[in-house]
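Asks: Remember, the working numbering sits 1 above the position in the sequence shown when you count from 1. In this text, a Cβ means the ideal position worked out from N, Cα and C, and glycines have one as well.
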Amino acid sequence: MLLGKFFIFIVICICLSNTIFPQEVSSMKKIKNRIIKALLEKKILIPNVEKFLKTIKEDGNWADINYRSNTRSEWKTFHHMSRLKSLVLAYKSGVLSNNAKFKKAVFSGLNYWLKNDFKNPNWWWNDIGVPMTLGPILLILDDELTSAQRNKGIEILQRGKIGKTGQNLVWLAKITLNKGLLEKNTNTIKRAFSCIQKEIKLSGGEGIQYDFSFHQHGHLLYNHGYGAGFSMDCSRIAALAAGTEFAFSKEKIKIISSYILDGSQWMAFGSTPDYSAEGREISRPAQSASYLIKSGENLLKLPTGRKDEINAMMAGLKDKKKITLQGNRHFWNSDFMTHHGKGYYVSARMHSKRILSNDGVVNSEGYRSDYIADGCNYIFRTGDEYVDIFPVWNWQRIPGTTVEQKKKGAFTNNPKRNGTRFFAGGVSNGKTGLSAFNFERNGLSARKAWFFFEKEVVCLGAGITCNSKNLILTTVNQCISNGDVIISKNNNSTSKYKVGSNDVESPQFVLQDEVAYFFIGSHKVKIRNEKRKGSWHSINRPKSKEIISKKLFELSIDHGMTPKGGSYSYIICPAMNLEQAKSYNKKPTVEVLSNTPQIQAVKHLKSNLTQIAYFKPGRLTIAKELIVSVDKPCLLMAQINKNEFKLSVSDPTQKLKVIHVTVSANLTGKGTVFNPPKKTTTITIKLPAGGYAGKSVVADYKIKK
Numbered sequence: 002m003l004l005g006k007f008f009i010f011i012v013i014c015i016c017l018s019n020t021i022f023p024q025e026v027s028s029m030k031k032i033k034n035r036i037i038k039a040l041l042e043k044k045i046l047i048p049n050v051e052k053f054l055k056t057i058k059e060d061g062n063w064a065d066i067n068y069r070s071n072t073r074s075e076w077k078t079f080h081h082m083s084r085l086k087s088l089v090l091a092y093k094s095g096v097l098s099n100n101a102k103f104k105k106a107v108f109s110g111l112n113y114w115l116k117n118d119f120k121n122p123n124w125w126w127n128d129i130g131v132p133m134t135l136g137p138i139l140l141i142l143d144d145e146l147t148s149a150q151r152n153k154g155i156e157i158l159q160r161g162k163i164g165k166t167g168q169n170l171v172w173l174a175k176i177t178l179n180k181g182l183l184e185k186n187t188n189t190i191k192r193a194f195s196c197i198q199k200e201i202k203l204s205g206g207e208g209i210q211y212d213f214s215f216h217q218h219g220h221l222l223y224n225h226g227y228g229a230g231f232s233m234d235c236s237r238i239a240a241l242a243a244g245t246e247f248a249f250s251k252e253k254i255k256i257i258s259s260y261i262l263d264g265s266q267w268m269a270f271g272s273t274p275d276y277s278a279e280g281r282e283i284s285r286p287a288q289s290a291s292y293l294i295k296s297g298e299n300l301l302k303l304p305t306g307r308k309d310e311i312n313a314m315m316a317g318l319k320d321k322k323k324i325t326l327q328g329n330r331h332f333w334n335s336d337f338m339t340h341h342g343k344g345y346y347v348s349a350r351m352h353s354k355r356i357l358s359n360d361g362v363v364n365s366e367g368y369r370s371d372y373i374a375d376g377c378n379y380i381f382r383t384g385d386e387y388v389d390i391f392p393v394w395n396w397q398r399i400p401g402t403t404v405e406q407k408k409k410g411a412f413t414n415n416p417k418r419n420g421t422r423f424f425a426g427g428v429s430n431g432k433t434g435l436s437a438f439n440f441e442r443n444g445l446s447a448r449k450a451w452f453f454f455e456k457e458v459v460c461l462g463a464g465i466t467c468n469s470k471n472l473i474l475t476t477v478n479q480c481i482s483n484g485d486v487i488i489s490k491n492n493n494s495t496s497k498y499k500v501g502s503n504d505v506e507s508p509q510f511v512l513q514d515e516v517a518y519f520f521i522g523s524h525k526v527k528i529r530n531e532k533r534k535g536s537w538h539s540i541n542r543p544k545s546k547e548i549i550s551k552k553l554f555e556l557s558i559d560h561g562m563t564p565k566g567g568s569y570s571y572i573i574c575p576a577m578n579l580e581q582a583k584s585y586n587k588k589p590t591v592e593v594l595s596n597t598p599q600i601q602a603v604k605h606l607k608s609n610l611t612q613i614a615y616f617k618p619g620r621l622t623i624a625k626e627l628i629v630s631v632d633k634p635c636l637l638m639a640q641i642n643k644n645e646f647k648l649s650v651s652d653p654t655q656k657l658k659v660i661h662v663t664v665s666a667n668l669t670g671k672g673t674v675f676n677p678p679k680k681t682t683t684i685t686i687k688l689p690a691g692g693y694a695g696k697s698v699v700a701d702y703k704i705k706k
């Protein structure tokens, strides 16, 4: 009797597990309709469709496609799928007459792929690329598919099994979602949505980091590479699920909106991406941050509570004149700082024992990228400064880097590496910031720091040492040339030249394309304003070998051979004309207080803000009778305003628990202990840990007179 009841219970459970409830059917239909509607609203290039219709052969292939291609990155055979998708969208949207010939072309093209089931040596095409493109094609044609076509299509989609991490997992979950919709299997659909929601998390592994940077292929910054797809796909899928049984939780919507608005948005100047966040995709032409427009459109369909910010982001992406974003962000999980000023953008990217330098050479992409995270310092005023510059770039002279100029062996076939030291980080109060690291590569070492203020960036280098007999250069900038180069040598007198090279001893400033570079102290400066030639093939083997030419502006500092304790000190002022440069040269608003291997520090004279990189425990006088001391290496900002003392501190090693800051004044506030005999206050700063190690601690104190 008991056995019979148990059997009935099992049968009921099985039946319930396979039961599709009315609300699930409604949700399924709603999601499928949303997917198809979005697909059919895509812009269709009718001339291309007409060409594909005209050239497709009777059996469904195209004569100009190489169906035997084994190229791992740009797979020539995949062009068939791209063309087929264009035909299907045109066929179903009705932009062209849906005659029998059109239908025959669509299904012969589909059958040709299903019959041959082409594969590539690169797993990505077989498990992701093909299934991800085939899924939408099958959904759109669903009501016209034969059982054989549907079954073979689902067999191909089945290869995209959920696994992997980060963006790869999201792609696989998208494939699973399409498969579930074709099969009308709610359990499969639930699993797809569930996997995507689980991947929308703050993680110390691959994916979204605690600072809203994004990692893929290890601890590697990738917001505009893999992270771009993650941004679009996760926001799109969340929007698809909105108002259905599969709707995303408030927590997940908050994370994905924060990732876009507080992460990726800060790594772009309008639609121009910061190429430091591109990974190996820097070796591909026409890179853009415009994908964030689509991400923003998706977010507007969700209850984020940040509608105004989303609209402002989208306006700036469409028109740089409408950019409103200003401030400073340090991404402590990626050794990366970005700074948005009024009418300009600058950044500094480093690497350390924690963070990888680059993605290396993968699928024959990413050659010559060895030095891309050795202090890369992009400067944007228009956003066009580095557009498609990379084939003609001198990759040993990346802006902001100090590099040994090797004649042989400058580049490796595996440039991916971690740094050799822990000290790399930044401190930020949200408006201004300091980024610094203890740099070392193959015997070349230096202390490097960037001080980001409202209108200028101060760049300091100290302790530059190398035993090599090769030339050591610090590159200030290498960008597309736009106009004459103006040089001021003394007393604000200037000279200009249009093209050529010029080595200048201790110029006061150099001006090009309304960006001014001021040199503090004695420097041997190299200036180039000339055409360079190269090919995309040189950095990305599947790309064209065609030689292209661009006129570049290059500005660098010559440290000579075998420098011992070399240094540099210069100021970058974007968005500045000649008269403004002359005025600033007479009365700069910043003062370098120290530039040694132990302490690098700059004071902003108007705001009374001092930024300090302590590479070792030490002390520094920042104002009359005001000394700031620390007991451990750290980055620090101190600002005095009447009786207020504002302090920002971070640990660039991400290994400390506590830092003690001692100030020669009587301060009151959290963690302060005043020593009357010494007239000093010691502040105990408890530092963030785990995924927040390296984050800035910001606190305000009162000065007692």
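Do the region 362-378 and the region 235-244 meet, that is, are 3 or more Cβ pairs less than 8 Å apart?
Replies: These segments do not touch.
Asks: Have a look at Ser436 and Phe332 and give me their C-alpha separation to the nearest angstrom.
Replies: The residue labelled residue 436 in the question sits at position 435 within the sequence shown. The residue labelled residue 332 in the question sits at position 331 within the sequence shown. Roughly 10 Å separates the two Cα atoms.
Asks: Does Arg151 come out as helix, strand or coil in the three-state DSSP assignment?
Replies: In the sequence shown, residue 151 corresponds to position 150, counting from 1. The answer is helix: DSSP assigns Arg151 an H, G or I state.
Asks: Would you report the Cα separation of Gly692 and Ser272, rounded to the nearest angstrom?
Replies: For the purposes of this step, residue 692 is taken as the residue at position 691 of the sequence shown. For the purposes of this step, residue 272 is taken as the residue at position 271 of the sequence shown. Using only the alpha carbons, I get a separation of about 30 Å.
Asks: Could you pull out every residue in the same chain whose Cβ sits closer than 6 Å to the Cβ of Lys407, ignoring the five residues on either side in sequence?
Replies: Here residue 407 corresponds to residue number 406 of the sequence shown, with the count starting at 1. Closer than 6 Å at the Cβ level, and outside the excluded window around Lys407, lie Asn471.
Asks: So, helix, strand or coil for Gly205, using DSSP?
Replies: To locate residue 205, count along the sequence shown from 1; it is residue 204. Three-state result, Gly205: coil.
Asks: Hey, quick one: how far does the beta strand (DSSP E) through Arg620 stretch, first residue to last?
Replies: Here residue 620 corresponds to residue number 619 of the sequence shown, with the count starting at 1. From DSSP, the beta strand (DSSP E) with Arg620 extends over Gly619 to Ala624.
Asks: Pick out whichever of Gln210, Gln640 and Ile540 has its Cα sitting closest to the Cα of Ile356.
Replies: Taking the sequence shown and counting its residues from 1, the one referred to as residue 356 is at position 355. Looking at the Cα atoms, Gln210 is the closest of the given residues.
Asks: Roughly how far, in whole angstroms, is the beta-carbon of Ser70 from the beta-carbon of Trp76, given that I think they are within contact range, below 8 Å?
Replies: Along the sequence shown, read from residue 1 onward, the residue named residue 70 stands at position 69. Along the sequence shown, read from residue 1 onward, the residue named residue 76 stands at position 75. At roughly 6 Å, the Cβ-Cβ gap stays under 8 Å, so Ser70 and Trp76 are in contact.
Asks: Along the beta strand (DSSP E) that carries Gln210, what are the first and last residues, could you check?
Replies: Counted from its first residue, the sequence shown places residue 210 at position 209. Element bounds for Gln210: n/a, residue is neither H nor E.
Asks: How far does the alpha helix (DSSP H) with Asn49 in it reach, from first residue to last?
Replies: As a working note, residue 49 is residue 48 in the sequence shown. Counting along the chain, the alpha helix (DSSP H) containing Asn49 begins and ends at Ile47 to Thr56.
Asks: Buried or exposed for Trp124, going by 16 or more other Cβ atoms inside 10 Å?
Replies: Indexing the sequence shown from 1 puts residue 124 at position 123. By the 10 Å Cβ count, Trp124 comes out exposed.
Asks: Are the CB atoms of Phe53 and Ser714 within a distance shorter than 8 Å?
Replies: One cannot answer for residue 714 here, as it falls past the ends of the chain, which runs 2 to 706.
Asks: By the 10 Å Cβ neighbour count, where 16 or more other Cβ atoms means buried, how is Ser195 classified, buried or exposed?
Replies: Locating residue 195 in the sequence shown gives position 194, where the first residue counts as 1. Answer is exposed; the Cβ neighbour count stays below 16.
Asks: Would Leu688 and Val662 be called neighbours here (beta carbons separated by less than 8 Å)?
Replies: As a working mapping, residue 688 is identified with position 687 in the sequence shown. As a working mapping, residue 662 is identified with position 661 in the sequence shown. No. Outside cutoff.
Asks: Which word fits Lys47, buried or exposed, when buried means at least 16 other C-beta atoms lie within 10 angstroms of its C-beta?
Replies: Taking the sequence shown and counting its residues from 1, one reaches residue 47 at position 46. Residue 47 is actually Ile in this sequence, not Lys. Classification for Ile47: exposed.
Asks: From what residue to what residue does the alpha helix (DSSP H) around Glu298 run?
Replies: Mapped onto the sequence shown, residue 298 falls at position 297. Residues Tyr292 to Leu300.
Asks: Is there a Cβ from chain D that is less than 8 Å from the Cβ of Gln655?
Replies: Of the protein chains in the structure, only one exists, and it is not chain D.
Asks: Can at least three beta-carbon pairs, one atom from the region 377-389 and one from the region 417-433, be found at a separation below 8 Å?
Replies: No contact exists between the region 377-389 and the region 417-433.
Asks: What number of angstroms, rounded off, separates the C-alpha of Pro400 from the C-alpha of Ser482?
Replies: In the sequence shown, counting from the first residue as 1, residue 400 sits at position 399. In the sequence shown, counting from the first residue as 1, residue 482 sits at position 481. Pro400 and Ser482: Cα-Cα distance of roughly 14 Å.
Asks: Where does Asp375 fall in DSSP's three states?
Replies: Within the sequence shown, residue 375 is the residue found at index 374, counting from 1. Coil.
Asks: At a cut of 8 Å, does the region 495-512 reach the region 523-537 through at least three beta carbon pairs?
Replies: Yes, the region 495-512 is in contact with the region 523-537.
Asks: Three or more beta-carbon pairs under 8 Å between the region 567-585 and the region 450-463, yes or no?
Replies: With a cut-off of 8 Å, the region 450-463 and the region 567-585 count as touching, because enough Cβ pairs lie within range.
Asks: Check for me: the beta strand (DSSP E) holding Phe554 runs from which residue to which?
Replies: If you number the sequence shown from 1, residue 554 lands on position 553. Residues Ile549 to Met562.
Asks: By the three-class DSSP mapping on this structure, what secondary structure does Cys467 have?
Replies: Along the sequence shown, read from residue 1 onward, the residue named residue 467 stands at position 466. In the structure shown, Cys467 sits in coil (DSSP, three-state: anything other than H, G, I, E or B).
Asks: Which runs of the beta strand (DSSP E) spanning at least 3 residues fall entirely within the region 567-597, listed in chain order?
Replies: Runs found: 567-575 and 591-596.
Asks: For Gly444, tell me which candidate among Thr72, Thr421, Gly426 and Ala463 has the shortest Cα-Cα distance.
Replies: One-based indexing of the sequence shown puts residue 444 at position 443. It is Thr421 whose Cα lies nearest to the Cα of Gly444.
Asks: Indicate the three-state DSSP secondary structure (helix, strand or coil) for Arg442 in the structure shown.
Replies: Within the sequence shown, numbered from 1, the residue matching residue 442 stands at position 441. Arg442 falls in the strand class under three-state DSSP.
Asks: Bridge partners of Glu531, per DSSP?
Replies: As a position in the sequence shown, residue 531 is number 530, starting the count at 1. Glu531 is bridged to Leu553.
Asks: My understanding is that Ser335 touches Ser214, with C-beta atoms under 8 Å, so please give their C-beta distance in whole angstroms.
Replies: Start at 1 with the first residue of the sequence shown, and residue 335 comes out as number 334. Start at 1 with the first residue of the sequence shown, and residue 214 comes out as number 213. 4 Å between Cβ atoms; contact.
Asks: Can you check the region 330-388 for any alpha helix (DSSP H) of at least 4 residues that lies completely inside it and give the ranges in chain order?
Replies: If we require 4 residues or more, the region 330-388 turns out to have no alpha helix (DSSP H) run fully inside it.
Asks: Could you compute how far the alpha carbon of Gly566 sits from the alpha carbon of Tyr68?
Replies: Numbered from its first residue, the sequence shown carries residue 566 at position 565. Numbered from its first residue, the sequence shown carries residue 68 at position 67. Taking the straight line joining both Cα atoms gives about 58 Å.
Asks: Between the region 612-622 and the region 585-601, can you find at least three pairs of beta-carbon atoms closer than 8 Å?
Replies: Cβ pair count under 8 Å is three or more, so yes.
Asks: Apart from the five residues just before and just after Ser28, which ones in its own chain have a Cβ nearer than 7 Å to its Cβ?
Replies: Residue numbering aside, residue 28 sits at position 27 when the sequence shown is read from its first letter. Once the five neighbours on either side are set aside, the close Cβ partners of Ser28 are Thr245, Glu246 and Phe247.
Asks: Suppose only complete runs of 4+ residues qualify. What are the alpha helix (DSSP H) ranges in the region 113-184, listed by chain order?
Replies: You should have 131-141, 148-158 and 167-184.
Asks: Apart from the five residues on each side of it in sequence, which residues of its chain come closer than 8 Å, Cβ to Cβ, to Glu1?
Replies: Here the chain has residues from 2 to 706 only, and residue 1 is not among them.
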